[in-house]
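Visitor:
Chains as they are written, first to last, in this note's numbering: chain A, 1 to 398; chain B, 399 to 796; chain C, 797 to 1183; chain D, 1184 to 1570.
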C-alpha cells in the first residue's frame, strides 16, 4: 500500500499546473474564484484553449482524439483545474453523450458529433428529467412517433442545465407507448434549432437561471439521429448514469472551497479577533477538513479500482453522497462565517465589472446564494435517498 | 399563557419535598444516587413507606384508594422523587395492570388485587413480549387452552423486567389460534408460584440481570383470572400501551443526571483545570441542557392537555423519542467525562458496602455500564422507529 | 400553569389570519417584494388598523400594553405568510426601545405615530466588525454644545431604508468591545450627513447600510442614559429574538404542511413518495423539532419581559440556539423532500426556506447562542425558568 | 498510488484468520475471558509462531522489520474476532518503544523474548489527572547513586496485569503539564515497591492500576534520553492510534455483517425487517462511515512511521477523530437494529459494541482528537498528506 503519487504522476501534475498558469486567462480565473456569473463565451473560450492543447476531453481515449489519460491522470487534471480557478468543463457533451456515442453510436454519428464536441463547436445539454419523473426516470412521457424517416417528438424536459446555450440535446423519448417503464424508450439526438423547440428558463431560489424547461412541439428528428436500436434507449441511459455518478465527489472543488472558508474565517473578525481563532468555529472547519481528507482517499481507492479495470459500482454512490454533503457543509460554513453580512442579496454584483454600491466586501456577495443553490447537490444526479437505496441493495443485499 | 406553577402547586411541591427529606432513608438515597444495585427489599421498603402516607399509587383516583392527583401533581411528585434519589416506583403493578383492572376488571378482581398492589404485597411483572414478537406485539404465540375452569398455558415471555422478584404476571395469551393477529388474544393474571412457571435471567451487556425469560409449561390459570372477555385482550393491551408511553419522557431522572454530568465535569480535570472549563465539553452539556429544557416544557404542554381531559395521543411518542435520546446523551456524556477511567469494569463495587480494591473514584463505577445498558432506551416500550411511524401516521397523515 | 391564549389574543390571531389570507397570498407577496419600496404601506396601514402595531405600546400613548405573548401571536401569524413588512425592526426593536427607554417627550412625539403606522423606526447598531458581539461599536458621538455630532458606519440595518427615524448607537466613551460608553440617539433619516444604501436581503426583506458623517443631533435626541445604551440594545435584541423565534414557528409550521402535502401527492415509482418510510421518518423528525422549538419559544415569550436580565439572557440564548437548529433542519429537509421543485423561485417552499435561513442568521446563529449559553453556564448555575 | 497488500501481508492475514477461525470462536473467547488471567497464553504462543508478535521488530532481534501496514493487517484480523490478548499494549506500545528508543543492550535483552511470546511489556503512563494530555505526569524519578528511585501512581495501564516489564514514565525534571523532563524506565513488575491492582475492562480486556513506592531501578533501566521521554510516548500513542483504528475496522466490518444478516432474517409484521427502508438507509449510513473510516485508517497507517512528527500528529488526530465518530455511530446503530437481543450478553453483537465503544475511549476520544486537530490547524497550514 502506498498512497503517494508516482514520480510520473507528479511530473504530470506539474505539467498541468504549468499549463494552467500560462494559459488560463487572469480575468476568467478572477471570475471563477470570485464566484461571478460565467457566460457561454467563458465556457467555450476555455474549452477552445484546452482543445488547442488536446485536453478538452480529458476522459476520452486516444482513439477518439482524447488524451488517453488513466483515471488517476484525469483526477489530477480535474484537481489542478479546480484549484487554479478554471471554469468547469460542461459535462453534457464530453462526459455524457460522448461515451454513449463511442459505445453505441454509428460510425457516422461518431464522425459527425465527436470532433465537434471536442472542438467546442457543439454545446450539448441533457434531456432526461421530465416534470413528474425525477428519481423515477423510467416514468418519462415525451413521445416520439415514427413517420417515415423522422420521429415526431412531443413533450417536455425539465431541469435542463444550460439549455439556453446549447446547440444539441440528447433525449430519452418514448417510442413505444404500449410498453411499460424501461421498455419502449429510445435515445435521440435533437438539434436545438429545430422548429418546435422552446426553451423556458427556470429561475432558482438564488435568483439564477441556469436550468430550463425545454418544450417539444411536433419536432421532427431524423431517424439517423437515433443512437443504437429503437426501444433500447434505457440500456444506453443506464450506461451513461454510471458515468455521470463516478465523478460526483467533487474533491477538487471542495478543496478550493475549504481554502476559501479558511481565508474568510481569517478575514472576518469575532470578538475583535480573527474568527478562525474562535475554537468553536475552527472545530467546524476541522471536522469538514477531516471528512474531505477521508473522501479524497476514498476517491483514490475508487480510482485505483478503475485503474485495474474494476468497474466502480455502488462505490460511486458513496462518493456522491459524501461529496454532496461536504459541498453543502462548506457552502454553509462560508455563509455562517459572514455573520450578519450573509443577509444582503446583491445579484447585480455577480456580473464581472460591477461598480455600483455594495454592502460588505465583494467576495462575500456570492456566498449565501451558493448555499441556497447547493441544496440541490443532494437532490440532483440521483438524490441521496436514491443513492442510499442503491448502497443498501447492491452493497448490503437488502 | 403562564408557565409558572400556581401557588397551590408550589405548596404541593413543598409538601412532597418535605416528606421526602424526612422519610426517604439515607442509605436508600445513597444507593440510588450512587448508582448501586437495588434489591427487592429496597423497592418494597420504599413502596411501603409511601403506602403509609397514601402515596404509593400516585396515578390512582381516590375511588380506588389513590391520592387522586391531577396530571401536574403527579408530575411534581415524580420530579421530586427523582431529584431526591428515591427508588423509582415499579410501574408494572401501579401503572400497568392496575389501570386495566380499574377499567376492565371484575369487581372481584379489583377487590382482590388493587389493595395488594397499593400495599406492596403483590409485586407484578409484565408478560407481553415474546421471542420473535418485539415491536410486532400482535404476533405473540403463547397458548392458553380452555379446560373447564382453567386455561392451560404454554409458551414463553421475554424481556420481563424484575420477573425474579414478582408475585404475579399479567400476560397476553392466544386463546383462539384460528384467529389472526390482534384477534384471539386474552389478558390473563398468572400467579408466579403456579407449577410450571420458570424464570431464567437474561444477562445484559453491562453484566446485569434485571430482565428475564419466563417459561410456562402446562400452567393452569383459573378462568376467574381472565380480565374482561375472552379474545378481547388486545383492546385492553392497547389501552395499557397508551398509559405506558405517556410518562416515558423521564424528565425528573434526566434533570438528576444533568446535575451529575455537571458535578462530574467539575471534578474531573483536563489540562490541569476542571473539565467544565473546557468550552468544547461544556458546549455538549449546554446542548443537552437546552434540549431537556425544551422537553420539560413539551411535557408540561402534554400535561396541560391531560388536565383538560384531552387524551395525549401521538404527542406521547414525541416525549418517548426525545426523552430516550436525551437519556442516552446524558449517559454518554457522563462516560466521556470520565476519560480513561471509563474503562474499568467493577461490578462488585455496585453492591452497597463494597470495600474491596477500586480503580478510580467510587462514583465513577456505574457510569460506563449505564451508558451501555441505556442503549435499550431507544429500543423498549416501542422502539423509536415505531414511535416515528406513529408520529408520521397519526400526526402527519402519512 | 397553562398554555392557553386569551380571548383577545385569539381574536387578534384570527383577524391577522383573515387580513393575510385576503391580502397576502403568495402572488400578492410577489408583487409587493417586486415593488420599488419592497414592502406595502397599505398592508402596514391595515396592521395599524388591527392594532397590531400598537399592541405592546404603553396605554398612555395609544397602545394596548401587551406582553411578549401578544408579540408571539402576531409573529407566528406573520411567519405563516412570510410577511416582509418591517415589523421586527420598526415595532419590536424600534418602538420597543422608545417605549422602554424614551423620555415622556420622546414617547409622546413618536409612539402615537408608530401606532398609526406613520412613523417607522429602525435600530442602527451593527457595524462591520460587530458580528454578534453587541459591545463592539466604533461609531462616535462627541458633545457639541448641548447636542452631539455622530460619525460612523452602520451595516445591515434591518428596515433601515423604510425608517423615518433611526436609533443609532454610538460611543460617548470607551473603546469597541467595552460594555460602558454606548449611547443611543434618535436620528432623522433625512438629517444632513446621513447617507443610506438600501437593498434587498435574500429573503426579500430590506436592509440598509448607513453612513453618518458629522451628523448633528440636539441634546434631546439622546435615548436613555448617556453611556448606558448597551443594556437597552441587549434587551431589544432579546425581544427581537423572541419575536423571530415565534415567526420561525409560523414558517416551520407551513413548511411541514407544504412538505406533508407534497409527499402525499407527488408520485414516483407508482406510489406517492409519502409512502416511503425514510420520508415519513424525516417528516416525523421535522415535526418533533418544531414542537421542541415551540416549547422553547413559549418559554422565551414568558421570560423576555422579565426584569431579571440574567434570566432573559440565558433563556433567549437557549431559545435562539434551539430554534436555529430546528430551522436549519426543517428548512433543509423541506427542500430535500420537495426535490428539484424545492430549489425554484416559483415554489413557495423556497421562499419559506430562505426566510427561515435568514432568521437563523439574524441576531446570532445557533452556534453563537449555544456558545453564549455555555459560557453563561460556566459563570453560575442556571436560574430555574419557573418557580 | 496503490492500495494493494503485499503477498506476505495477504499470507499473514490468511494465517491469522485461519488461526482465529479455529481457536477463537465466540464460545472459546468466552472461556478465555472468564479465566483467571482473562487471556490465553496458548493463543499468544500461536501468534508468536505465526510471527505476528515480531512483525515490526528489527531484523537484528528476530523481527521482520515491518511497517504500520503490517500492523494494520494484524489488527484488522484481531478486530474481526475481538481478540482480548494484549497485542496493542505489549507489542505496539511496549515493544514498539523498546525498538525505537532502546539501547542495543535493552533491545537484545527484551526483543527476542517479545518475539517468542515469553516477555510481555506494557506502558505505564496515564495517571489520575492525565486524561489525554500526555505531559501531565506527576510520578517522580529521583537519582539514587547510578540508578533512580520511582514514586507515583499509574492508572488504567492496559495489559498491566499480564506484563513482565513495565515502561514507566516519570519526571526527572519539570512539573506536570510541562513537555520536558519526562523519562522512561524499564521496571520489572516483581520489583520491590511495585504494587498492581488488575481488573477487567468493559470490553473484557484487562488493565491494572500500578503503585510505585520507592522502586529502585539501575541506571540501565532508563529507556531513551533522560528528560526526553515525552516525544517517545507520543509516537507510541500514535502507533497505538493507528493500530486501534485498524482494529476498529475489523470490529465494524463484523458489526455491519451481523446487522445486515440479522435484518434479513428477523421478521416483524410478516416481513424481514431489512425490507423497511429506514433500516436499509441506516445500514447504508453505517457502511459509508466504515468506508470513510477505512480511508482515514489507511492514511494513518501510511503516515505513522514517518519521521515528520507534525504530520504524524495531525493525521493520527484526524484518523482517531473520524474512526471514533464512525465507531460511535456504527456501534450504536448495530445495537438499535438488533433490538432487545442487541443488549444481551449472549449476543456477540453486544461484545463487538463494547470493544468498539472502548476503542473510542482509548488514546483520546473523537472530540479530543477533533479539538487537537483544530488547534494544530490554528498553528499553521495542514501539511499535505501526500506529495
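The beta-carbon is built from N, C-alpha and C at its ideal position, and this holds for glycine as well.
Which residues in chain D sit within 7 Å of residue 600 of chain B, going by Cβ to Cβ distance?
Guide: Taking the second chain and counting its residues from 1, the one referred to as residue 600 of chain B is at position 202. Per Cβ cutoff of 7 Å: 1527.
Visitor: Would you say residue 376 of chain A faces chain C, with C-beta separation under 9 Å as the test?
Guide: Reading the first chain from its first residue, position 376 is the one you call residue 376 of chain A. So, interface residue.
Visitor: Please classify residue 165 of chain A: is it buried, with 16 or more other beta-carbons within 10 angstroms of its beta-carbon, or exposed?
Guide: Your numbering for residue 165 of chain A matches position 165 in the first chain. So residue 165 of chain A ends up on the buried side.
Visitor: Report the rounded CA-to-CA distance for residue 180 of chain A versus residue 75 of chain A, giving the unit in angstroms.
Guide: To locate residue 180 of chain A, count along the first chain from 1; it is residue 180. To locate residue 75 of chain A, count along the first chain from 1; it is residue 75. About 39 Å.
Visitor: How about residue 1478 of chain D and residue 297 of chain A: do their beta carbons lie closer than 9 Å?
Guide: Along the fourth chain, read from residue 1 onward, the residue named residue 1478 of chain D stands at position 295. Along the first chain, read from residue 1 onward, the residue named residue 297 of chain A stands at position 297. Yes.
Visitor: Can you give me, in chain order, the residues of the segment 1065–1078 of chain C that have a beta carbon less than 9 Å from any beta carbon in chain G?
Guide: Looking at the structure shown, chain G is missing, and the protein chains on hand are A, B, C and D.
Visitor: Once you ignore the five residues that flank residue 233 of chain A on each side, which residues in its own chain have a CB closer than 6 Å to its CB?
Guide: What you label residue 233 of chain A is simply residue 233 of the first chain in a count that begins at 1. Cβ within range, chain order: 172, 185, 186 and 187.
Visitor: Which residues does DSSP list as the beta-bridge partners of residue 626 of chain B?
Guide: Position 228 of the second chain, counted from the start, is the residue given in the question as residue 626 of chain B. Answer is none; residue 626 of chain B lacks a bridge partner.
Visitor: Please check if any C-beta of chain B sits within less than 9 Å of the C-beta of residue 1007 of chain C.
Guide: Here residue 1007 of chain C corresponds to residue number 211 of the third chain, with the count starting at 1. By this cut-off, residue 1007 of chain C is not an interface position.
Visitor: Straight-line CA distance for residue 245 of chain A to residue 351 of chain A?
Guide: For the purposes of this step, residue 245 of chain A is taken as residue 245 along the first chain, with counting starting at 1. For the purposes of this step, residue 351 of chain A is taken as residue 351 along the first chain, with counting starting at 1. Any reading at residue 245 of chain A must be qualified, since the residue scores a pLDDT of 48, below 50, and its modelled position is unreliable; the value itself is stated next. If I take the Cα positions, the gap works out to 31 Å.
Visitor: Following the continuous alpha helix (DSSP H) through residue 257 of chain A, name the residue where it begins and the one where it ends.
Guide: By one-based count along the first chain, residue 257 of chain A stands at place 257. Looking at the DSSP string, the run of the alpha helix (DSSP H) that includes residue 257 of chain A is 251–267.
Visitor: Output the boundary residues of the beta strand (DSSP E) element that contains residue 949 of chain C.
Guide: For the purposes of this step, residue 949 of chain C is identified with residue 153 of the third chain, where counting begins at 1. Here the beta strand (DSSP E) through residue 949 of chain C covers 943–954.
Visitor: So, under 8 Å CB-CB, residue 330 of chain A and residue 258 of chain A are touching, yes? Tell me the CB distance rounded to an integer number of Å.
Guide: The sequence position of residue 330 of chain A within the first chain is 330, counting from 1. The sequence position of residue 258 of chain A within the first chain is 258, counting from 1. Yes, they are in contact, since the Cβ atoms of residue 330 of chain A and residue 258 of chain A sit about 6 Å apart, within 8 Å.
Visitor: Using 8 Å as the Cβ pair cut-off and three pairs as the minimum, do the segment 551–560 of chain B and the segment 499–512 of chain B touch?
Guide: Judged by Cβ distances under 8 Å, the segment 551–560 of chain B makes no contact with the segment 499–512 of chain B, as fewer than three pairs qualify.
Visitor: Identify which residue in A:79, A:64, A:294 and A:237 has its Cα closest to the Cα of residue 96 of chain A.
Guide: Taking the first chain and counting its residues from 1, the one referred to as residue 96 of chain A is at position 96. The residue with the shortest Cα to Cα distance from residue 96 of chain A is A:237.
Visitor: What would DSSP say about residue 1248 of chain D, mapped onto helix, strand or coil?
Guide: Residue mapping note: residue 1248 of chain D aligns to position 65 of the fourth chain, counting from 1. Coil at residue 1248 of chain D, not helix or strand.
Visitor: Measuring only between beta-carbons, confirm whether residue 336 of chain A sits less than 9 Å from chain C.
Guide: Locating residue 336 of chain A in the first chain gives position 336, counting from the first residue. Yes, residue 336 of chain A lies at the interface with chain C (some Cβ there is under 9 Å from its Cβ).
Visitor: For the alpha helix (DSSP H) that contains residue 707 of chain B, what are its first and last residues?
Guide: Counted from its first residue, the second chain places residue 707 of chain B at position 309. From DSSP, residue 707 of chain B is part of no alpha helix (DSSP H); its letter is neither H nor E.
Visitor: Out of curiosity, what's the CA-to-CA distance linking residue 519 of chain B and residue 797 of chain C?
Guide: For this step, residue 519 of chain B is matched to residue 121 along the second chain. For this step, residue 797 of chain C is matched to residue 1 along the third chain. Their Cα atoms are separated by approximately 37 Å.
Visitor: When DSSP labels each residue in this structure, what does residue 798 of chain C get in the three-state scheme?
Guide: Translated into positions along the third chain, residue 798 of chain C becomes position 2. Strand.
Visitor: Near residue 897 of chain C, which residues of its chain fall below 6 Å by C-beta distance, leaving aside the five closest residues on each side in sequence?
Guide: Translated into the one-based positions of the third chain, residue 897 of chain C becomes position 101. Counting only Cβ-Cβ distances below 6 Å, and skipping sequence neighbours, we find 1019, 1020 and 1028.
Visitor: Less than 8 Å between C-beta atoms, sequence neighbours within five positions excluded: which residues of the same chain meet that for residue 481 of chain B?
Guide: For the purposes of this step, residue 481 of chain B is taken as residue 83 along the second chain, with counting starting at 1. Within the same chain, residue 481 of chain B has close Cβ partners 650, 653 and 654.
Visitor: Buried or exposed for residue 706 of chain B, going by 16 or more other Cβ atoms inside 10 Å?
Guide: One-based indexing of the second chain puts residue 706 of chain B at position 308. With fewer than 16 Cβ atoms within 10 Å of its Cβ, residue 706 of chain B is classed as exposed.
Visitor: Just to confirm, is the Cβ distance from residue 1472 of chain D to residue 1513 of chain D under 9 Å?
Guide: Reading the fourth chain from its first residue, position 289 is the one you call residue 1472 of chain D. Reading the fourth chain from its first residue, position 330 is the one you call residue 1513 of chain D. Yes, the Cβ-Cβ distance between residue 1472 of chain D and residue 1513 of chain D is below 9 Å.
Visitor: From residue 1557 of chain D to residue 448 of chain B, what does the alpha carbon distance come to, in whole angstroms?
Guide: By one-based count along the fourth chain, residue 1557 of chain D stands at place 374. By one-based count along the second chain, residue 448 of chain B stands at place 50. Residue 1557 of chain D and residue 448 of chain B: Cα-Cα distance of roughly 54 Å.
Visitor: Please identify the residue among A:39, A:91 and A:40 whose C-alpha is closest to the C-alpha of residue 60 of chain A.
Guide: Counting from one through the first chain, the residue named residue 60 of chain A turns up at place 60. Residue 60 of chain A has its Cα closest to that of A:91, out of A:39, A:91 and A:40.
Visitor: Assuming residue 16 of chain A and residue 77 of chain A form a contact by the criterion Cβ under 8 Å, report the distance between their Cβ atoms to the nearest whole angstrom.
Guide: Along the first chain, one-based indexing puts residue 16 of chain A at 16. Along the first chain, one-based indexing puts residue 77 of chain A at 77. With 8 Å as the limit, residue 16 of chain A and residue 77 of chain A qualify as a contact, their Cβ atoms being about 5 Å apart.
Visitor: What does the alpha-carbon distance come out to for the pair residue 889 of chain C and residue 355 of chain A?
Guide: As a working note, residue 889 of chain C is residue 93 in the third chain. As a working note, residue 355 of chain A is residue 355 in the first chain. Between residue 889 of chain C and residue 355 of chain A, the C-alpha separation is close to 33 Å.
Visitor: Give the single residue among B:761, B:741, B:697 and B:778 whose Cα lies nearest to the Cα of residue 469 of chain B.
Guide: Mapped onto the second chain, residue 469 of chain B falls at position 71. Per the Cα distances, B:697.
Visitor: Suppose contacts are defined by Cβ-Cβ distances below 9 Å. Is residue 1469 of chain D in contact with residue 1442 of chain D by that definition?
Guide: Translated into positions along the fourth chain, residue 1469 of chain D becomes position 286. Translated into positions along the fourth chain, residue 1442 of chain D becomes position 259. Taking 9 Å as the Cβ cut-off, residue 1469 of chain D and residue 1442 of chain D qualify as a contacting pair.
Visitor: Within the same chain, show all residues whose beta-carbon is closer than 6 Å to that of residue 346 of chain A, passing over the 5 residues directly before and after it, in chain order.
Guide: Taking the first residue of the first chain as 1, we reach residue 346 of chain A at position 346. Taken in chain order, the residues that qualify are 365.
Visitor: Would you say the segment 960–971 of chain C touches the segment 912–919 of chain C, given that touching needs at least three Cβ pairs under 8 Å?
Guide: Flag = yes, the segment 960–971 of chain C and the segment 912–919 of chain C touch.
Visitor: At what residue ranges does the segment 121–180 of chain A contain a whole run of the beta strand (DSSP E), taking only runs of 3 or more?
Guide: Complete beta strand (DSSP E) runs here, min 3: 124–127, 143–147, 150–157 and 168–174.
Visitor: For residue 693 of chain B, is the beta carbon positioned less than 8 Å from some heavy atom of the ligand NAP?
Guide: The ligand NAP is not among the ligands present in this structure, which contains no ligands whatsoever.
Visitor: Roughly how many angstroms lie between the CA atoms of residue 981 of chain C and residue 854 of chain C, to the nearest whole one?
Guide: Along the third chain, one-based indexing puts residue 981 of chain C at 185. Along the third chain, one-based indexing puts residue 854 of chain C at 58. Spanning the two alpha carbons is a distance of roughly 21 Å.
Visitor: Expressed to the nearest angstrom, what Euclidean distance is found between the alpha-carbon atoms of residue 1170 of chain D and residue 1300 of chain D?
Guide: Absent from the structure is residue 1170 of chain D, since the part of chain D shown begins at 1184 and ends at 1570.
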